[in-house]
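Numbering (our numbering), first residue to last: 175 to 315.
Here is the structure:
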């Protein structure tokens, strides 16, 4: 998910391009405004933590771009591409390393496991919004 800061900074295409160039397959994409209720479900595991309110406030402060990607070891690969949650620890060349300077305004969210991905996809997408298309170039990567 690309958070509101990505749209505000006009770097949606750049971030998506990095995932595409890695050879991942985009099968779901939509811009949406997250409600406080949906944010609470998305961040349920963080409820009660000191940073929870900031997470909810930021994710609901503007539109986001929700995405579903496919690929071999997709979750692991995406997390490596986006870099550490802490901007100070995110390596240059990663999405967070190149574009993020504050943890509270982290520009991208990625699921941390296949199970989390399945849960989060159901929060943001209906079954008919995921299009598993024929990728004729998959052998190139």
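All C-beta atoms, glycine included, are put in the ideal place defined by N, C-alpha and C. Because the structure is a prediction, the values reported are computed rather than measured.
Whole-number beta carbon distance between residue j and residue i, since they are thought to touch under 8 Å
i           : j           : result
residue 284 : residue 256 : 5 Å
residue 240 : residue 215 : With a Cβ gap of about 13 Å, residue 240 and residue 215 do not count as contacting.
residue 208 : residue 190 : Their Cβ separation, rounded to whole angstroms, is 19 Å, which puts residue 208 and residue 190 out of contact at 8 Å.
residue 201 : residue 301 : Not confirmed; about 12 Å, so no contact.
residue 220 : residue 229 : 6 Å
residue 287 : residue 249 : 6 Å
residue 276 : residue 261 : 6 Å
Extent of the continuous alpha helix (DSSP H) to which residue i belongs
i           : result
residue 284 : Note, residue 284: premise wrong, no alpha helix (DSSP H); not H, not E.
residue 177 : Residue 177 -> no alpha helix (DSSP H), and no H or E assigned at all.
residue 290 : 288-298
residue 269 : 269-273
Classification of residue i by the beta-carbon crowding that lies within 10 angstroms, buried from 16 upward
i           : result
residue 176 : buried
residue 243 : buried
residue 270 : buried
residue 186 : exposed
residue 308 : exposed
residue 294 : buried
residue 231 : exposed
residue 282 : buried
residue 264 : buried
At what residue ranges does the segment 179-259 contain a whole run of the alpha helix (DSSP H), taking only runs of 4 or more? As far as the segment 179-259 is concerned, its whole alpha helix (DSSP H) runs of at least 4 residues are 186-195, 210-216, 226-233, 248-256.
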